[in-house]
Amino acid sequence: MTKPLKQIHLAAHFPGVNNTTVWSDPRAGSHIEFASFAHFARTAERAKFDFLFLAEGLRLREQGGQIYDLDVVGRPDTFTVLAALAAVTDRLGLTGTINSTFNEPYEVARQFASLDHLSGGRSAWNVVTSWDAFTGENFRRGGFLPQEERYSRAREFLATANELFDSWRGDEIVADPVTGTFLSDAKAGAFVHRGRHFDIHGRFDVPRSPQGRPVIFQAGDSEEGREFAAADADAIFSRHATLKEGQAFHRDVKRRLAKYGRRPDELLILPAATFVLGDTDAEAEEQAREVRRQQVSGATALKHLEFVWNRDLSSYDPDGPLPDIDPDVGEEHIARGRAQVRMYRDPLATAREWRALAEANNWSIRDLVIHTGNRQTFVGSPATVARTIDDFVQADAADGFILVPHITPTGLDEFADKVVPLLQERGVFRADYEGTTLRDHLGLAHPDAARGNERAAS
Amino acid sequence: MSTTSASPLHLAVALDGTGWHPASWREPVARPRDLFTAGYWADLVTEAERGLLDFVTIEDGLGPQSSHLLLPDERTDQVRGRLDAVLIASRVAPLTRHIGLVPTVVATHTEPFHISKAIATLDYVSTGRAGLRVKISARPDEAAHFGRRTIPRIDGYESPAARELVTELFDEAADHVEVVRRLWDSWEDDAEIRDVATGRFVDRDKLHYIDFQGPHFSVKGPSITPRPPQGQPLVTALAHWTVPYRLVARQADVGYVTPHDAGQARATVAEIRAEQEAAGRATQPLHVFADLVVFLDDDPAAAAARRDRLDTAAGQPYTSDARIFTGSPAQLADLLEELSGTGLTGFRLRPAVLGHDLPAITRGLVPELQRRGAFRRTYEADTLRGLLGLSRPANRYAAA
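Below is the structure:
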């Protein structure tokens, strides 16, 4: 018997502050004007995407003690821009990345509940954590959190926010002018949370929102991150976008669900994916090479090498050979406010490997960074890309993709016009929205507040 | 000092739930079941824009509304629950074109870094129409929602202990506003250069650490959000006595005060102007608006009857920190003209019932003031600062 076709989920990641964004292209528009966000969101909605995704960083990145100036710098406040996007779209989900370290549950819960009301049930929260004192310098608490505590705080933060969301059942507002009863329950919103990270009580002041709770995303790839996702998330924003890695990740995370009493379809795996389209596969390949060169200028290549070498390499020629000196493996890292540097766990080994690669291929520093950096996930004609995405999803390498175009704000337009219709023809992507909420689009159940309350009370 | 702008008198409306009277939700026009929908707020702000008002403020707090000044209650006969004011403002911004949007922000429990970028973003999504109304929270129950600090119970603002607490909270609010403002300036207007030749997206010499250090928080900067369209969005605050007057005089673009007659208005304006001078800001434009609660009907007797009906429903007469006006739009226009002779530059009206008194303002009061040449006939500027006759400020960090 053949397996039924899986339906693909698609989302659009606003390019913005991201080293794949090509701001030097003549077509590149503003990364901060609302018109750019509105165009991007409308394109995603026209293409019937599940949601739009916004990343966040709470301190401008630095390298070598200076603000990193080679990538796009600057972004809007996540909640505020999503609330405005709710006014220019009707169905598109609105996913915001919000930090659980430099926020408090009461405020974040009221912002998400408000966004969910104001968007008619389209909000989602990508729960991220940080611990670094560098980011903490912008906040009241400073750098207060040891690294090993960050997931513990994140999980308690989310649990606390869920208690707040569930503190209203949804039927308390009667607003009967004749009897003068506005609320049927004098204690609507009452909550007590006593935990290691949060000790709070009182009354939550936002009535239950259309989705009950925002859809929860988790983005970390560590062991704790995977466990957090298996226990508490509705979807994972992952990095594993190749077929094999994706399948391994998919298996690993989905097998963890049973332990929490959850079914495999209760957690969606949505890797980030980049793409380059061309009229033919050959043309797309050529385009992809050109985009990689745009993404990695000589200056960017040197800075990227510094992630591994952890030294000032500004005196090196990007078109020349790799440095002979070894990386500095000291504690302090030259690049700050960037999660990427943690990928290189053994810089000495990486340096050895890269030198060997460069020598064997006769690559300059820039060539090496271009070749070892992430190639675009999907490269080809619209037909090739549509088929590949479908194959990946049917082979359980993913449940869909969060697409990251490299041009703001028009980088999604061609995908919407050329690839989406092919996916629709294949019968694996919706021709129109069937529901109104993001939970509807993602096939996720609406949480039951009453059950949540029983759990909280037991 | 005085400001220069086309409209001789400025008008704002304060939006709060279904209106400022606690029984307002029971009126047939009130739409209480729509309070938590975007459409409800879009309709109100659109109506205010129809009346060419300078801006709307949106009330907020970090806990449910209460009939007690500083303590929670468990009443079920009044509106309880609300949406985040910044997000309401942002949600309606793309649906409006001219009117200013001024949500309430509680300084006591929020991060100045988050607030600064949120209001900067509101300024981007509204293309230059954002502001904030800063307030403190002296409520122990709201402090318990955050668990970071304990705020002792006080029974009013009169005792020395209460004054001391409130003074400390206002000092913190002043620091909060200082950080918010510095962060708005932490990017120079031309910091984004997109220099393809050198590969640099920004000129980092035009991005500035703000290095604020204070007793309650220290903030490094720069902001993650570029300088907003207005440069400095509007900062406003409601003030009832010397300490908050000082916050208004030092930090605000608009202060809301609550005089009950012309004499009080004159005295309050004088005190704020003196504080402004003491702070070395005498030459800076600063608006002082009087707050008024309004019950408006063409027939003054109908307004009085409506107020009685609402008071009966509420079980007690409505009281307010602000003067309560009951009468016709023409009578209100008389009062506004009289009060504006005291040095006040505008008014923030608190409609008793939004569904009734807001259209009475936009369709009754505004035409009346226009006939008298006292109010604009068309929006004369694209930004909120522009409507208020405030220029776009130079960046404090930019080299002269």
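Quick mapping for you: the protein sequence lines, in order, are chains H and C. In terms of my numbering, the first sequence is residues 7 to 464. In terms of my numbering, the second sequence is residues -11 to 388. For glycine and all other residues, C-beta sits at the position ideal for the given N, C-alpha and C.
If we cut at 8 Å on Cβ distances, does residue i have a partner in chain C?
i       : result
D205(H) : yes
Y112(H) : yes
T306(H) : yes
N24(H)  : no
H123(H) : yes
T187(H) : yes
I73(H)  : yes
G208(H) : yes
D96(H)  : no
A143(H) : It should be noted that the sequence gives Glu, not Ala, for residue 143(H). Closer than 8 Å to some Cβ of chain C, the Cβ of E143(H) qualifies, so yes.
N459(H) : Because the pLDDT of N459(H) is 43, which lies under 50, any placement of that residue in the model is unreliable, and the number read from its coordinates should be weighed accordingly. By this cut-off, N459(H) is not an interface position.
T86(H)  : yes
A462(H) : Legend: pLDDT at A462(H) = 40, less than 50; position of this residue unreliable, no value from coordinates given.
Given this structure, state the Cα-to-Cα distance separating residue i from residue j, to the nearest angstrom.
i       : j       : result
D309(C) : L57(C)  : 11 Å
D96(H)  : L280(C) : 38 Å
A18(H)  : R128(H) : 15 Å
H133(C) : A192(H) : 18 Å
A278(H) : G22(H)  : 14 Å
K265(H) : A235(H) : 12 Å
A253(C) : D83(H)  : 38 Å
D191(C) : G71(H)  : 15 Å
A254(H) : Q13(H)  : 20 Å
D402(H) : P427(H) : 22 Å
V184(H) : R14(C)  : 8 Å
V425(H) : L444(H) : 22 Å
F200(C) : A95(C)  : 16 Å
D122(H) : W29(C)  : 15 Å
V113(C) : A237(H) : 36 Å
Output the boundary residues of the beta strand (DSSP E) element that contains residue i.
i       : result
Q224(H) : V221 to Q224
H15(H)  : H15 to H19
V180(H) : I179 to D182
A278(C) : H275 to L284
Looking at the unbroken alpha helix (DSSP H) that takes in residue i, where does it start and where does it end?
i       : result
G374(C) : L372 to L375
S370(H) : Where S370(H) is concerned, there is no enclosing alpha helix (DSSP H), given that its DSSP letter is neither H nor E.
S244(H) : Where S244(H) is concerned, there is no enclosing alpha helix (DSSP H), although the beta strand (DSSP E) it sits in stretches over A241 to S244.
R159(H) : R156 to F171
T300(C) : P288 to A302
R261(H) : L249 to R261
W315(H) : G304 to W315
H97(C)  : No alpha helix (DSSP H) contains H97(C), which DSSP labels as neither H nor E.
P148(C) : P148 to W172
R52(H)  : F40 to R52
Kindly indicate if chain H contains any beta-carbon less than 8 Å away from that of residue i.
i       : result
P347(C) : no
S78(C)  : yes
Q404(C) : Any question about residue 404(C) goes unanswered here, given that chain C covers just -11 to 388.
E265(C) : no
F43(C)  : no
D129(C) : yes
V168(C) : no
A340(C) : no
G7(C)   : no
Considering only residues of the same chain and omitting the five flanking positions on each side of residue i, which have a CB-CB separation below 6 Å?
i       : result
H37(H)  : G22, V78 and T414
G201(H) : E162
H45(H)  : P415
H97(C)  : L50 and F134
Apart from the five residues just before and just after residue i, which ones in its own chain have a Cβ nearer than 8 Å to its Cβ?
i       : result
R360(C) : A321 and E325
L108(H) : This sequence places Phe at residue 108(H); Leu is not what is there. So the qualifying residues of the chain are L64, S136, T141, G142, N144, F145 and R147.
Among the residues of its own chain, which have a CB less than 7 Å from the CB of residue i, if the five just before and after it don't count?
i       : result
G126(H) : P216 and T442
A26(C)  : R79
Is the number of C-beta pairs between the region 214 to 224 of chain C and the region 370 to 388 of chain C that are closer than 8 Å three or more? yes
Can we say the region 294 to 314 of chain C touches the region 19 to 37 of chain C, given the rule of at least three CB pairs closer than 8 Å? With contact defined as three or more Cβ pairs closer than 8 Å, the region 294 to 314 of chain C and the region 19 to 37 of chain C are not in contact.
Stretch-stretch touch, CB-based, cutoff 8 Å, three pairs: the region 423 to 443 of chain H with the region 83 to 94 of chain H: no
Does the contact criterion of 3 or more C-beta pairs under 8 Å hold for the region 170 to 181 of chain H versus the region 200 to 214 of chain H? yes
Please determine if the region 53 to 68 of chain C and the region 26 to 35 of chain H are in contact, where contact requires at least 3 C-beta pairs separated by less than 8 Å. No, they do not touch.
Between the region 149 to 167 of chain H and the region 244 to 252 of chain H, do three or more beta carbon pairs fall short of 8 Å? Taking one beta carbon from each stretch, the region 149 to 167 of chain H and the region 244 to 252 of chain H have fewer than 3 pairs nearer than 8 Å; the two do not touch.
Looking at C-beta atoms only, is the number of pairs between the region 0 to 13 of chain C and the region 333 to 348 of chain C that lie closer than 8 Å three or more? yes
Within 8 Å, do at least three Cβ pairs link the region 145 to 164 of chain C to the region 224 to 235 of chain C? In this structure the region 224 to 235 of chain C touches the region 145 to 164 of chain C; the number of beta carbon pairs closer than 8 Å is three or more.
Would you be able to state if there are at least three C-beta pairs under 8 Å between the region 248 to 268 of chain C and the region 281 to 288 of chain C? no
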